[in-house]
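S.K.: Keeping their order, the protein sequence lines are chains A and B.
In this text, residue positions in the first sequence follow the working numbering: the first is 1, and each later residue adds one.
In this text, residue positions in the second sequence follow the working numbering: the first is 1001, and each later residue adds one.
Sharing a structure, written as structure tokens. Questions coming.
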Amino acid sequence: MTAPSDGPRRIPPTEGGNADENVIEVHDVTVSFGTFNVFKNLDLEVKRGEILGFVGASGAGKSVLMRTILELVPKQHGTIRLFGKDIDALPPAESAELNKRYGVLFQMGALFSSLTVLENIQVPMRENHNMSPRLMDELALMKLDMVGLARSAANKLPSELSGGMIKRAGLARALALDPELLFVDEPTSGLDPIGAAAFDSLIKGLRDTLGLTVYMVTHDLDSLYSVCDRVAVLADKRVVAAEPVQKLLDFDHPWVREYFRGVRGRRFIGHA
Amino acid sequence: MDVRSPPEQPSITVTRDGDMATAVFSGAWTVGNAQYAEAAVTAVDCGKAMRVTLDLSGVTTADSSGAWLIHRERANAEFEGRRVELANVSPRLQFLLDEIENHIPEPLPHERRPYAAIRFLTNLGETTVTIGKDLVELLAILGVFGLRLATAATNPRHLRLTSILSNFDRTCRGAVPIVMLMSFLVGLIIAQQAGFYLQTFGAALYVVDLSGVLILREIGVLLAAILVAGRSGSAFTAEIGSMRMQEEVDALHTLGLDPVEVLVVPRLIALIIALPVLAFLSAIAAMCGSILITWLYLGITPDLYMQRLHEAVTPLELYVGISKAPFMALIIGLVACSEGLKVGGSSESLGRHTTSAVVKAIFLVIVVDGLFAMFFAAVGI
Chain A
1 MTAPSDGPRR
11 IPPTEGGNAD
21 ENVIEVHDVT
31 VSFGTFNVFK
41 NLDLEVKRGE
51 ILGFVGASGA
61 GKSVLMRTIL
71 ELVPKQHGTI
81 RLFGKDIDAL
91 PPAESAELNK
101 RYGVLFQMGA
111 LFSSLTVLEN
121 IQVPMRENHN
131 MSPRLMDELA
141 LMKLDMVGLA
151 RSAANKLPSE
161 LSGGMIKRAG
171 LARALALDPE
181 LLFVDEPTSG
191 LDPIGAAAFD
201 SLIKGLRDTL
211 GLTVYMVTHD
221 LDSLYSVCDR
231 VAVLADKRVV
241 AAEPVQKLLD
251 FDHPWVREYF
261 RGVRGRRFIG
271 HA
Chain B
1001 MDVRSPPEQP
1011 SITVTRDGDM
1021 ATAVFSGAWT
1031 VGNAQYAEAA
1041 VTAVDCGKAM
1051 RVTLDLSGVT
1061 TADSSGAWLI
1071 HRERANAEFE
1081 GRRVELANVS
1091 PRLQFLLDEI
1101 ENHIPEPLPH
1111 ERRPYAAIRF
1121 LTNLGETTVT
1131 IGKDLVELLA
1141 ILGVFGLRLA
1151 TAATNPRHLR
1161 LTSILSNFDR
1171 TCRGAVPIVM
1181 LMSFLVGLII
1191 AQQAGFYLQT
1201 FGAALYVVDL
1211 SGVLILREIG
1221 VLLAAILVAG
1231 RSGSAFTAEI
1241 GSMRMQEEVD
1251 ALHTLGLDPV
1261 EVLVVPRLIA
1271 LIIALPVLAF
1281 LSAIAAMCGS
1291 ILITWLYLGI
1301 TPDLYMQRLH
1311 EAVTPLELYV
1321 GISKAPFMAL
1331 IIGLVACSEG
1341 LKVGGSSESL
1351 GRHTTSAVVK
1361 AIFLVIVVDG
1371 LFAMFFAAVG
1381 I
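Structure follows, in structure tokens:
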């Protein structure tokens, strides 16, 4: 396992891009379903170009926070800024522009089942931009190759793909418009260890080559150690820590200690 | 900061000097500008110049789509035998160009469309085979249904009473209000239309004969069957189809259960019990509509109507109508369930099979009604 720092060379940031800029800023957010508070006064920041791992107990609301940031779940209180813009204060046109700047890989892939893989990747291009069919084909095939899918998968329907291939195809669709920010929800769940490791290095490679910022909800300790720059821990209805994984080992919180020093977590200590 | 602003349109200016040509790229080469970028790239004409310099100094921002177009232009020029050099490449763009080198898509193979006549014949052949297979499948389900009924006679536990009852509840009780309302209105309309013409002959009382025979024999059961085909038939196909999409049907197989026995047989039995009940209620409602309109429109009092009805029709008319219902129910259920079992992995396939289930079921119900009319005419009832 390689530490995040000694990876391959990374793409220089965009002209005028600031490495310290916060791509996501979640401030004082409260989300509740009925009378049940999922989060209370939650804060989180994600910096440009980093891979943030987001962990928490099953059912603690990891996916809910991602869906809140994506405006799929309404929040009761607080502000969320993407690329420095308050998502609630944006007029609809700008909000649509903002949508094109991030890509989402859902847990089950969420490919459109009646379209082929290639058509799935082309949906965002077709809907948002007026491109020639030739260019769309070329770009979609390039993305397909970037996520490591064979050419033969291009004309298959999602029902004909394996779980790992569905995730890769979903990732290719999320990357269709060259987003700056990528949300991935449990990318390695349901993959075999080899496939999971390949997916991890794929995401890391994409960050290095395309300059993505990655928000990764995960349960996979391997992913946390091998690709994440920082790990945010959701516990007690808020983010209790957002630190590089080595610092979390000594963090004083019962759940964090159990998570990283439990039976499974202990195996990684000393290796990384 | 914002990659997509400023939105300068990408452009290329070419200066030619004998054997040399310089193409200066400028603007934002991003996915949002891809159509202009592609137009600019296609418009580049290097003439006879054999040495081309692509000067990328004016490119303000670029993403992988812009880098791809620059790469494509370079590859094209090289393919035409020119020597191409890149100049003033920003580190970021150089990185993207290198990355694209690793992921060059092969061109999609061009598939030749076969001739129209051959396509027509292929379609015809395929459709014929599909219809044949559908028929065999329908027969197979019917066979299992018969088998289960036979085993149920010896061992009633196989009948899955709970499932039958819950399906009966949904297909029958839920449909009562809409079936009765619709039949009431149709009964009303028939009597009014018939009354309008018969009145001119002074034969208004024959409205009772006409609506009595028509409603009891045909309208009651037909309306109920068509509504059930649309309502429960589509529901059966969608339920079984989505179970197939979620691999629930496969799960039944692996648990040693026969999907036809678990999913299809209870639905068929429930429908076979439900449709006669609905047909009866439908006939009653249509008669009520007929009585009401003859009273209001033709002035025939309910008393007189009932008296005339006794002379005009026998209970046999009602029995003839109701006796058709179980057969129609069997056809609706068989078609709906077999279509449901054919659903593939996509939501589109679910929609297609649900549509075809309802269309086939309604069509077959009317065909069966016609066959029964011929049969009853032949035996003289």
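The beta carbon of each residue, even a glycine, is placed where N, CA and C say it ideally should be.
Please read all numbers here as calculations on a predicted model, not as lab measurements.
R230(A) lies in the beta strand (DSSP E); which residues open and close that run?
M.R.: The residue you call residue 230(A) lines up with position 230 of the first sequence. It spans 230-235 - the beta strand (DSSP E) in which R230(A) sits, taken as one unbroken run.
S.K.: For P1105(B), return the contacting residues in chain A, with the cut-off set at a CB-CB distance below 7 Å.
M.R.: Residue mapping note: residue 1105(B) aligns to position 105 of the second sequence, counting from 1. What P1105(B) touches in chain A: E138, L141, M142, D145.
S.K.: Determine, for G1027(B), whether the minimum Cβ-Cβ distance to residues of chain A falls below 8 Å.
M.R.: Residue 1027(B) sits at position 27 when you count from the first residue of the second sequence. Output row for G1027(B): interface = no.
S.K.: Which residue marks the beginning of the alpha helix (DSSP H) containing G1174(B), and which one marks its end?
M.R.: Position 174 of the second sequence holds residue 1174(B). Run containing G1174(B): none; DSSP gives neither H nor E here.
S.K.: Hey, out of K75(A), K85(A), M108(A), D192(A), whose CA is closest to E97(A)'s CA?
M.R.: Here residue 97(A) is taken as the residue at index 97 of the first sequence, counted from 1. Minimum Cα distance to E97(A) is reached at K85(A).
S.K.: Tell me the DSSP bridge mates of N37(A)?
M.R.: As a position in the first sequence, residue 37(A) is number 37, starting the count at 1. Note: N37(A) sits in a beta bridge opposite S32(A).
S.K.: Would A1203(B) pass as a contact of T1294(B) if the rule is Cβ separation under 8 Å?
M.R.: For the purposes of this step, residue 1203(B) is identified with residue 203 of the second sequence, where counting begins at 1. For the purposes of this step, residue 1294(B) is identified with residue 294 of the second sequence, where counting begins at 1. No, they are not a contact pair.
S.K.: When the Cβ atoms of the segment 1033-1041 of chain B are set against those of the segment 1087-1100 of chain B, are three or more pairs found closer than 8 Å?
M.R.: No, the segment 1033-1041 of chain B does not touch the segment 1087-1100 of chain B.
S.K.: Kindly list the residues whose CB is nearer than 7 Å to the CB of R1231(B), restricted to its own chain and excluding five residues on each side of it in sequence; keep chain order.
M.R.: As a working mapping, residue 1231(B) is identified with position 231 in the second sequence. So the list reads A1175, once near-sequence residues are dropped.
S.K.: Give me the subset of the segment 1037-1069 of chain B whose CB atoms are less than 8 Å from a CB atom of chain A, sorted by chain position.
M.R.: Answer set for the segment 1037-1069 of chain B: E1038, T1060, T1061, D1063, S1064, S1065, W1068, L1069.
S.K.: For F199(A) and T1022(B), I'd like the C-alpha separation in whole angstroms.
M.R.: In the first sequence, residue 199(A) corresponds to position 199, counting from 1. In the second sequence, residue 1022(B) corresponds to position 22, counting from 1. If I take the Cα positions, the gap works out to 42 Å.
S.K.: Just confirm the distance between the C-beta atoms of R126(A) and M142(A), as a whole number of angstroms; I'd bet it's less than 8 Å.
M.R.: As a working note, residue 126(A) is residue 126 in the first sequence. As a working note, residue 142(A) is residue 142 in the first sequence. Their Cβ separation, rounded to whole angstroms, is 16 Å, which puts R126(A) and M142(A) out of contact at 8 Å.
S.K.: By the three-class DSSP mapping on this structure, what secondary structure does D243(A) have?
M.R.: One-based indexing of the first sequence puts residue 243(A) at position 243. For clarity, residue 243(A) is Glu in the given sequence; the question names Asp instead. Of the three classes helix, strand and coil, the one that applies to E243(A) here is strand, per DSSP.
S.K.: Specify the secondary structure class of S162(A) as computed by DSSP and reduced to three states.
M.R.: Along the first sequence, read from residue 1 onward, the residue named residue 162(A) stands at position 162. Correct three-state label for S162(A): coil.
S.K.: Specify, as a first and last residue, the run of the alpha helix (DSSP H) that T1254(B) falls within.
M.R.: For the purposes of this step, residue 1254(B) is taken as the residue at position 254 of the second sequence. It spans 1248-1254 - the alpha helix (DSSP H) in which T1254(B) sits, taken as one unbroken run.
S.K.: T1030(B): buried (16+ other C-beta within 10 angstroms of its C-beta) or exposed?
M.R.: Start at 1 with the first residue of the second sequence, and residue 1030(B) comes out as number 30. When all chains shown are included, T1030(B) counts as buried.
S.K.: Helix, strand or coil: how does DSSP classify F54(A) here?
M.R.: Locating residue 54(A) in the first sequence gives position 54, where the first residue counts as 1. Residue state, collapsed to three classes: strand.
S.K.: Identify every run of the beta strand (DSSP E) within the segment 68-103 of chain A, keeping only runs that are complete inside it and at least 3 residues long; order them along the chain.
M.R.: Correct list: 77-82.
S.K.: For I121(A) versus R173(A), is the C-beta distance shorter than 8 Å?
M.R.: Within the first sequence, the letter at position 121 stands for residue 121(A). Within the first sequence, the letter at position 173 stands for residue 173(A). Yes, Cβ-Cβ distance for I121(A) and R173(A) is below 8 Å.
S.K.: Going along chain A, which residues have a C-beta under 8 Å from A1075(B)?
M.R.: Working through the second sequence from its first residue, we reach residue 1075(B) at position 75. Chain A residues near A1075(B): none, gap ~11 Å exceeds 8 Å.
S.K.: Would you say V1359(B) reaches chain A, if we count a Cβ-Cβ gap shorter than 8 Å as a contact?
M.R.: As a working mapping, residue 1359(B) is identified with position 359 in the second sequence. Taking Cβ atoms only, chain A never reaches closer than 8 Å to V1359(B), which makes this a no.
S.K.: For I1141(B), which residues of its own chain have a beta-carbon under 7 Å away from its beta-carbon, when the five flanking residues on both sides are left out?
M.R.: Translated into the one-based positions of the second sequence, residue 1141(B) becomes position 141. If we look at I1141(B) and ignore the five residues flanking it on each side, its Cβ neighbours are V1260, V1264, L1334, C1337, S1338.
S.K.: Helix, strand or coil, according to DSSP, for R1113(B) in the structure here?
M.R.: Position 113 of the second sequence, counted from the first residue, corresponds to residue 1113(B). Of the three classes helix, strand and coil, the one that applies to R1113(B) here is coil, per DSSP.
S.K.: Examine the Cβ distances between the segment 1346-1366 of chain B and the segment 1293-1308 of chain B and report whether three or more of them are shorter than 8 Å.
M.R.: At 8 Å Cβ cutoff, the stretches do not touch.
S.K.: At the level of alpha carbons, what is the spacing between L330(A) and V1179(B)?
M.R.: In the structure as shown, chain A begins at 1 and stops at 272. Residue 330(A) is therefore absent and cannot be evaluated.
S.K.: Can a CB atom of chain A be found closer than 8 Å to the CB of F1079(B)?
M.R.: Looking up residue 1079(B) in the second sequence gives position 79. False, the Cβ-Cβ gap to chain A never drops below 8 Å.
S.K.: Quick one: Cα of V1207(B) to Cα of F1375(B), how far?
M.R.: Locating residue 1207(B) in the second sequence gives position 207, where the first residue counts as 1. Locating residue 1375(B) in the second sequence gives position 375, where the first residue counts as 1. If you take the alpha carbons of V1207(B) and F1375(B), they lie about 26 Å apart.
S.K.: Leaving out five residues before and five after E1078(B) in sequence, what residues of the same chain have Cβ atoms less than 7 Å from its Cβ?
M.R.: Translated into positions along the second sequence, residue 1078(B) becomes position 78. Same-chain partners within the cutoff: V1084.
S.K.: According to the Cβ coordinates, are V1044(B) and L1069(B) closer than 8 Å?
M.R.: Position 44 of the second sequence, counted from the first residue, corresponds to residue 1044(B). Position 69 of the second sequence, counted from the first residue, corresponds to residue 1069(B). Cβ distance not < 8 Å, so V1044(B) and L1069(B) don't count as in contact.
S.K.: Please confirm if Q1035(B) has its CB atom under 8 Å from at least one CB of chain A.
M.R.: The residue you call residue 1035(B) lines up with position 35 of the second sequence. Closer than 8 Å to some Cβ of chain A, the Cβ of Q1035(B) qualifies, so yes.
S.K.: Indicate whether at least one CB of chain B lies closer than 8 Å to the CB of M165(A).
M.R.: As a working note, residue 165(A) is residue 165 in the first sequence. Not one chain B Cβ lies under 8 Å of M165(A).
S.K.: Once you ignore the five residues that flank V147(A) on each side, which residues in its own chain have a CB closer than 6 Å to its CB?
M.R.: For the purposes of this step, residue 147(A) is taken as residue 147 along the first sequence, with counting starting at 1. Excluding residues within five positions, the ones whose Cβ falls inside 6 Å are R168, L171, A172.
S.K.: Going by CA-CA distance only, name the one from G59(A), N41(A), I194(A), V123(A) that's closest to H219(A).
M.R.: By one-based count along the first sequence, residue 219(A) stands at place 219. Closest by alpha carbon: G59(A).
S.K.: By DSSP, does T2(A) sit in helix, in strand, or in coil?
M.R.: As a position in the first sequence, residue 2(A) is number 2, starting the count at 1. Only weak support exists for where T2(A) lies, its pLDDT of 38 falling under 50; the coordinates are left without a value.
S.K.: So G1340(B) packs on T1237(B), CB below 8 Å; how close in whole Å?
M.R.: Sequence index remark: in the second sequence, residue 1340(B) carries index 340 (1-based). Sequence index remark: in the second sequence, residue 1237(B) carries index 237 (1-based). Between T1237(B) and G1340(B) the Cβ distance is about 4 Å, and since that is below 8 Å, they are a contact.
S.K.: Go ahead and label E138(A) buried or exposed: buried means 16 or more other beta carbons lie within 10 angstroms of its beta carbon, across all protein chains shown.
M.R.: Here the question's residue 138(A) lines up with position 138 in the first sequence. By the 10 Å Cβ count, E138(A) comes out buried.
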